[in-house]
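J.: The sequence shown begins at 0 in numbering that gives the first Met the number 0 and counts up one residue at a time.
Beta carbons are placed, not taken as given, at the ideal position from N, Cα and C, and that holds for glycine.
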Amino acid sequence: MWQKYIDGQYRRPSGVIGRWIGSKMAQQHQPENRWTVDLLDVQPTDSILEVGFGPGIAVEAVARRARYVAGVDFSRAMLAAARRRNARRVREGVVDLRYGDAASLPFEANTFDKAFSIHSIYFWRDPLAALREIHRVLKPGGRLVLTVLPKEKWNPEHPELAGTP
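(1) I'd like to check one pair, N32 with A69: are the Cβ atoms closer than 8 Å?
(2) For the candidate residues R83, G51, A65, whose alpha-carbon lies nearest to that of D45?
(3) Find out if the Cβ-Cβ distance for the pair A101, V71 is shorter than 8 Å.
(4) In whole angstroms, what separates the C-alpha of F73 from that of G99?
(5) Need the endpoints of the alpha helix (DSSP H) that E59 sits in, please.
(6) Taking C-beta to C-beta, are V144 and L48 nearer than 8 Å?
(7) Grab the span of the beta strand (DSSP E) containing V50 for me, first residue to last.
(8) Determine the extent of the alpha helix (DSSP H) in which R83 is found, giving its start and end residues.
(9) Per the DSSP calculation, V147 is bridged to which residue(s)?
(10) Measure the Cβ-Cβ separation of L137 and A114 and say whether it is below 8 Å.
(11) Going straight from the alpha carbon of L148 to that of H118, what length do you get?
(12) Using a Cβ-Cβ cut-off of 6 Å (strictly less than) and excluding sequence neighbours within five positions of R88, which residues of its own chain qualify?
(13) Apart from the five residues just before and just after E132, which ones in its own chain have a Cβ nearer than 8 Å to its Cβ?
(14) What is the DSSP secondary structure of P139, reduced to helix, strand or coil?
(15) Tell me the rounded alpha-carbon separation between T146 and P126.
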């Protein structure tokens, strides 16, 4: 029962345990965050969307280089953590982080040059609807980067150990 609770916290962190899970994710996913941000080839004129931003590590990295960074996450605990981490950029209007669902993005069509998601597609309630929404908010010719953990590295019994041998 405890393991099922922890697994659910990786999907949608909440409360004290969720904040702890978020800090673990921030540490564990640093290589994937760097790799994904590099693949985005962020330009100073870019408007970029992150779906499932977690504690806001990649948002922070992208905001150093892009004109505008927005994101949605369906964990209020991660929204609060990411807003704290990016507080200055939020005040400046460079970063816009919102509570929401990947299948119903709260942004106008053709808004973003690039979009990305790191380790969150497996938690989307309706991945096809979410991909259609991302397509809708991307400008024509926009780039989407989805970072996923290969199945052979997934550890469903202990998601905190995902990617380790």
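T.: A quick look at the data gives this:
(1) Here residue 69 is taken as the residue at index 70 of the sequence shown, counted from 1. Here residue 32 is taken as the residue at index 33 of the sequence shown, counted from 1. No, they are not a contact pair.
(2) For the purposes of this step, residue 45 is taken as the residue at position 46 of the sequence shown. Looking at the Cα atoms, A65 is the closest of the given residues.
(3) Taking the sequence shown and counting its residues from 1, the one referred to as residue 101 is at position 102. Taking the sequence shown and counting its residues from 1, the one referred to as residue 71 is at position 72. Contact: yes.
(4) Here residue 73 is taken as the residue at index 74 of the sequence shown, counted from 1. Here residue 99 is taken as the residue at index 100 of the sequence shown, counted from 1. One C-alpha to the other measures close to 5 Å.
(5) Counting from one through the sequence shown, the residue named residue 59 turns up at place 60. Run containing E59: 56–62, per the alpha helix (DSSP H) assignment.
(6) To locate residue 144, count along the sequence shown from 1; it is residue 145. To locate residue 48, count along the sequence shown from 1; it is residue 49. No, they are not a contact pair.
(7) As a first step, residue 50 is located in the sequence shown; it is residue number 51 there, counting from the start. Start and end: 46–50.
(8) As a position in the sequence shown, residue 83 is number 84, starting the count at 1. From DSSP, the alpha helix (DSSP H) with R83 extends over 75–84.
(9) As a working note, residue 147 is residue 148 in the sequence shown. DSSP, once it has assigned bridges, lists no residue as partnering V147.
(10) One-based indexing of the sequence shown puts residue 137 at position 138. One-based indexing of the sequence shown puts residue 114 at position 115. In this structure, A114 lies closer than 8 Å to L137 by Cβ.
(11) In the sequence shown, counting from the first residue as 1, residue 148 sits at position 149. In the sequence shown, counting from the first residue as 1, residue 118 sits at position 119. About 7 Å.
(12) Residue numbering aside, residue 88 sits at position 89 when the sequence shown is read from its first letter. Once the five neighbours on either side are set aside, the close Cβ partners of R88 are A62, V94.
(13) Reading the sequence shown from its first residue, position 133 is the one you call residue 132. So the qualifying residues of the chain are A101, A102, S103, L104.
(14) The residue you call residue 139 lines up with position 140 of the sequence shown. In the structure shown, P139 sits in a strand (DSSP, three-state: E or B).
(15) Along the sequence shown, read from residue 1 onward, the residue named residue 146 stands at position 147. Along the sequence shown, read from residue 1 onward, the residue named residue 126 stands at position 127. Taking the straight line joining both Cα atoms gives about 14 Å.
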